[in-house]
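1 is the number of the first residue of the sequence shown in the UniProt record's numbering; add one for each residue after it. The beta-carbon is built from N, C-alpha and C at its ideal position, and this holds for glycine as well. Below is one structure, written out as structure tokens; the observations come after it.
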Amino acid sequence: MTVLNTNQPLPFDTVLVANRGEIAVRVIRTLRAMGLRSVAVYSDADAHAAHVQAADTAVRLGPAAARDSYLNIDRVVDAARRTGAGAVHPGYGFLSENATFAAALEAAGIVFLGPPAKAIEVMGDKITAKTTVSASGVPVVPGIAEPGLTDDQLIAAATDIGYPVLVKPSAGGGGKGMRRVDDPADLPAALVSARREAASAFGDETLFLERFVTRPRHIEVQVLADTHGTVLHLGERECSLQRRHQKVIEEAPSPLLDAETRARIGAAACATARSVDYVGAGTVEFIVSADRPDEFFFMEMNTRLQVEHPVTELVTGFDLVECQVRIAAGQRIRLEQDDIRLHGHAIEARVYAEDPGRGFLPTGGTVLDLREPAGSGVRMDSGLAVGTVVGSDYDPMLAKVIAHGPDRAAALAALDRALAETAVLGVRTNTDFLRFLLADPAVVAGRLDTALLDRRAGDFAPDPVADDVFAAAAVYRWLRQWPSEPADPWSYPTGWRVGTAAPIRVRLAGGDRTVHVHLTGIPDSAGLRVEDAEPVSVTAELVRSEQDSGDSVRTVTLTFDGLRRSYRVAESDGTLWVGGPGGVAAVRELAEDAVRADAAAVHDAEIRSPMPGTVLAVAADSGATVAAGDPVLVVEAMKMEHSLIAPLAGTVEILVAAGASVRLDEVLARVHVEPAGGESAGAVPGAGDDRSAGSAAAPDAIGSTGPGGTDTASATEPASNAGTTDPAHSAEYIGADPE
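The structure is reproduced here in structure tokens:
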């Protein structure tokens, strides 16, 4: 649906998208539909990324570091000049809320597809923003918000505000520097740590206090404002399902608000926009108590497009990127507020490169195969393609899966089906956790609050790798040995064998399971058995289609007793990624000689990287003797340090140097053990069989720490018990969506 008067021609025909990933792809899609040329920018890490391939033209900005590429104002403005771009769309994150960037574009005669620099500046300072909107009659959370408040002034004010209080930094976002304080005795220390974190993250240690709203719900309102004085709101979105202050699932409309409150909160959002002469698309965020849903308070205004904007698009029918383009071109909004209608319900889930089963540690790798959901009312905004390399340089959000239905229940069901159909082979994602969350009774009932997800996260446990997944992986390995066309009998696994074909046994590890899969016969008539289960007859087929990339991706089809199932299997660095009816699993083939001869045997251990990142430090010299629990290396990813320790005593062999970039599960060091008198040389208590070479447990030899802290965990201790300081979705990520 067109919101604006489109009779007026656009003053530009080329738009540069100053972003990357899914939002860049999504903006380019609308530009193409509008008949506008698109220009992508990229860092060296993104040279072959999906947004680069989607654009008409692409310009290299610099190295992977965001400060040298996506955050470099001079380089972005120069790229716009060189390509003849008359306008720049900032996306979200990076420079999208940078007033200096908006001013630089204006000085260069280039249209910024966003609000005036002054509006960005005012709303970028939370203290100034609260003062400004309060003067326009917008309700704000009771508290104290003045520039330059000392700790003594804040402590004195807290008594009047009433506990619990929330300590918040004036600059930045994403939950960094925020502290909830319930006891007055804890406030001085909270202020010290909050100032330190705010100064480190934002370069500004200014703090203010707010009353903590009990059972808070995060509700935001989408606004549109043109250059002719018209301001409309497009309804609200509920974003209460957050983890560590970062949104995970969003929906529109909110299941909490009634029509009267919706009208009042919408009017408050429009008043907020008018208070700074806002132009373009923006979002006003409010906090609402689940206990008092008719009472809402202003939190902040995001002066850009939000990550979750698709849910508003699906319930209104508007293309918000098109609205941004046309408003910036001076076109007039042709609708009145009463013309805005919300149709049905839409819910969005963010797909992250992270492993919920290991404390939400960030993951990475190369996308080997990709399956996106389809169907009526389903949408996926993605920056992924086969061959995309997911590293640790930027925010780990890979895609958004969105579903629309006639009501909330239908939208929830459609989103769950869409997530079940989403498969990324080569990179671990959080899709199973998202489905776990959607099935939570409180979520189904709409009884949300911002702490719900954190309360539920500890209850999540990945499903064990199923027997049929191990079977598909083993059959893939087996059938790769069979020629696709008639060949010399010696090229068949059975050779010249007369009678029953030689049995084949494959040892595989996935998750917490290690199994043997036994295969006999030929593909058309095979016998298959997993561990000691009853053998079954199976017909197996390995198919390569035209869309398969590389030599390692195949479809394995297994028919058991007339039941036919298909699995996508891809291989990389010794890992078999299997996508089937139950989701995606990663399994590794283990050599038989890695099996312990007896319960007391001790073998060499591998220390693997728990995530893609950079070796920050090497704590032990190669050839040195280490004890169980000694630090060996420190890996940094997403600005978080992870200490890797020796799982047992022995002589350490270091395989990488400080500064090296490493992949997920890459072997970084080995500990060589020489048992004496049949006794173990010493191991971390509780270490199990899989500490040996080819271990599936070795990647858990980690501990995590953020700036100013240290923590370690044994090689066999579950990540959930490892004291991990979770970095996922933190605004510490350079260019992360600060929500």
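Is any beta-carbon of chain B found at less than 8 Å from that of residue 87? Reference to chain B is not applicable here, since this structure consists of a single protein chain.
Where the beta strand (DSSP E) containing residue 554 begins and where it ends: In the sequence shown, counting from the first residue as 1, residue 554 sits at position 554. That run of the beta strand (DSSP E) goes 554–560.
Would you list the one or two residues that DSSP bridges to residue 247? Taking the sequence shown and counting its residues from 1, one reaches residue 247 at position 247. According to DSSP, which records beta bridges pairwise, residue 247 is partnered with 242.
Can you tell me whether residue 7 is buried or exposed, with buried defined as 16 or more other CB within 10 angstroms of its CB? Taking the first residue of the sequence shown as position 1, residue 7 is located at position 7. Under this definition residue 7 is an exposed residue.
On the three-state DSSP scale, how would you describe residue 123? Your numbering for residue 123 matches position 123 in the sequence shown. Note: residue 123 maps to helix in three-state DSSP.
Helix, strand or coil: how does DSSP classify residue 155 here? Working through the sequence shown from its first residue, we reach residue 155 at position 155. Here residue 155 sits in helix by DSSP.
Based on the DSSP secondary-structure assignment, which residues constitute the bridge partners of residue 298? In the sequence shown, counting from the first residue as 1, residue 298 sits at position 298. According to DSSP, which records beta bridges pairwise, residue 298 is partnered with 140 and 286.
Just the Cα atoms here: how many angstroms apart are residue 113 and residue 121? Locating residue 113 in the sequence shown gives position 113, where the first residue counts as 1. Locating residue 121 in the sequence shown gives position 121, where the first residue counts as 1. Straight-line Cα distance between these residues: approximately 16 Å.
Between residue 11 and residue 644, what straight-line distance do the alpha-carbon atoms span, to the nearest angstrom? The sequence position of residue 11 within the sequence shown is 11, counting from 1. The sequence position of residue 644 within the sequence shown is 644, counting from 1. Each residue's alpha carbon lies about 56 Å from the other.
Using the Cβ count rule (16 or more neighbours within 10 Å means buried), how would you classify residue 609? Looking up residue 609 in the sequence shown gives position 609. Residue 609 comes out buried.
Report the rounded CA-to-CA distance for residue 700 versus residue 436, giving the unit in angstroms. Residue 700 sits at position 700 when you count from the first residue of the sequence shown. Residue 436 sits at position 436 when you count from the first residue of the sequence shown. Residue confidence is low: residue 700 scores 34 on pLDDT, short of 50, so the model does not pin down where it sits. Its coordinate-derived value is still stated next. Taking the straight line from one Cα to the other gives about 23 Å.
Rounded to the nearest angstrom, what separates residue 740 and residue 322 at their Cα positions? This structure gives no information on residue 740, because the portion of the chain shown stretches from 1 to 739.
For residue 208, report the span of its beta strand (DSSP E) as first-last. As a working mapping, residue 208 is identified with position 208 in the sequence shown. From DSSP, the beta strand (DSSP E) with residue 208 extends over 207–211.
Using the rule of at least 16 other Cβ atoms within 10 Å of the residue's Cβ for burial, across every protein chain shown, is residue 623 buried or exposed? Residue numbering aside, residue 623 sits at position 623 when the sequence shown is read from its first letter. Under this definition residue 623 is an exposed residue.
Distance between beta carbons of residue 221 and residue 281, contact taken as under 8 Å: The count along the sequence shown starts at 1 and reaches residue 281 at position 281. The count along the sequence shown starts at 1 and reaches residue 221 at position 221. No, residue 281 and residue 221 are not in contact; Cβ-Cβ is about 12 Å, not under 8 Å.
Give, in chain order, every unbroken run of the beta strand (DSSP E) that is at least 3 residues long and sits entirely within the stretch 371–405. Taken in chain order, the complete beta strand (DSSP E) segments of 3 residues or longer contained in the stretch 371–405 are 378–382 and 397–405.
Between the alpha carbons of residue 20 and residue 581, how many angstroms are there, rounded? Against the sequence shown, residue 20 aligns to sequence position 20. Against the sequence shown, residue 581 aligns to sequence position 581. Going from the Cα of residue 20 to the Cα of residue 581 covers about 32 Å.
Hey, quick one: how far does the alpha helix (DSSP H) through residue 82 stretch, first residue to last? Taking the first residue of the sequence shown as position 1, residue 82 is located at position 82. Where residue 82 is concerned, the enclosing alpha helix (DSSP H) stretches over 73–83.
I'd like to know whether the C-beta atoms of residue 39 and residue 56 end up nearer to each other than 8 Å. Here residue 39 refers to the residue found at position 39 of the sequence shown. Here residue 56 refers to the residue found at position 56 of the sequence shown. Taking 8 Å as the Cβ cut-off, residue 39 and residue 56 qualify as a contacting pair.
Would you list the one or two residues that DSSP bridges to residue 218? Residue mapping note: residue 218 aligns to position 218 of the sequence shown, counting from 1. Residue 218 is bridged to 287.
Determine whether the beta carbon atoms of residue 378 and residue 346 lie at a separation below 8 Å. As a working note, residue 378 is residue 378 in the sequence shown. As a working note, residue 346 is residue 346 in the sequence shown. No; because the gap between Cβ atoms is not below 8 Å, this pair is not in contact.
If I measure Cβ to Cβ from residue 339 and keep anything under 7 Å in the same chain, skipping five residues before and after, which residues do I get? The sequence position of residue 339 within the sequence shown is 339, counting from 1. There are no such residues.
Sequence-distant residues of the same chain with beta carbon closer than 7 Å to residue 92, five excluded per side: To locate residue 92, count along the sequence shown from 1; it is residue 92. Contacts found: 23, 304, 305, 306, 307 and 737.
Run through DSSP, which three-state label would residue 482 get? Stepping through the sequence shown from its first residue, residue 482 is reached at position 482. Looking at residue 482 - three-state DSSP - the assignment turns out to be coil, as it is neither helix nor strand.
Quick one: what does DSSP say residue 197 is sitting in, helix, strand or coil? Position 197 of the sequence shown holds residue 197. DSSP places residue 197 in helix when its eight states are reduced to three.
Looking at C-beta atoms only, is the number of pairs between the stretch 424–432 and the stretch 385–400 that lie closer than 8 Å three or more? Result yes; three or more Cβ-Cβ pairs closer than 8 Å.
Specify, as a first and last residue, the run of the beta strand (DSSP E) that residue 536 falls within. Along the sequence shown, one-based indexing puts residue 536 at 536. From DSSP, the beta strand (DSSP E) with residue 536 extends over 536–543.
Compare the beta carbon distance of residue 191 and residue 207 with 8 Å and say whether it is the shorter of the two. Numbered from 1 along the sequence shown, position 191 holds the residue referred to as residue 191. Numbered from 1 along the sequence shown, position 207 holds the residue referred to as residue 207. Cβ distance < 8 Å, so residue 191 and residue 207 count as in contact.
Mapping the DSSP letters down to three states, classify residue 422 as helix, strand or coil. For the purposes of this step, residue 422 is taken as the residue at position 422 of the sequence shown. Coil, per DSSP.
Nearest candidate by alpha-carbon position, reference residue 403, set 552, 216, 76 and 375: Counting from 1 along the sequence shown, the entry for residue 403 is found at position 403. Residue 403 has its Cα closest to that of 375, out of 552, 216, 76 and 375.
Taking only the alpha-carbon atoms, compute the straight-line gap between residue 250 and residue 260 and give it to the nearest angstrom. In the sequence shown, counting from the first residue as 1, residue 250 sits at position 250. In the sequence shown, counting from the first residue as 1, residue 260 sits at position 260. In a straight line, the C-alpha of residue 250 is about 22 Å away from that of residue 260.
Per DSSP, which residues does residue 579 bridge with? Please list them. Locating residue 579 in the sequence shown gives position 579, where the first residue counts as 1. Looking at the DSSP assignment, residue 579 forms a beta bridge with 568 and 584.
Around the Cβ of residue 262, are there at least 16 other Cβ atoms within 10 angstroms (buried) or fewer (exposed)? As a working note, residue 262 is residue 262 in the sequence shown. Classification for residue 262: buried.
From the DSSP secondary-structure annotation, give me the bridge partner or partners of residue 369. The residue you call residue 369 lines up with position 369 of the sequence shown. Paired residue(s): 425.
Run through the DSSP bridge pairs and tell me what residue 333 is partnered with. Working through the sequence shown from its first residue, we reach residue 333 at position 333. Bridge partners of residue 333: 4.
Could you check what DSSP says for residue 168 in three-state terms: helix, strand or coil? Residue numbering aside, residue 168 sits at position 168 when the sequence shown is read from its first letter. In the structure shown, residue 168 adopts extended strand secondary structure according to DSSP, grouped into three states.
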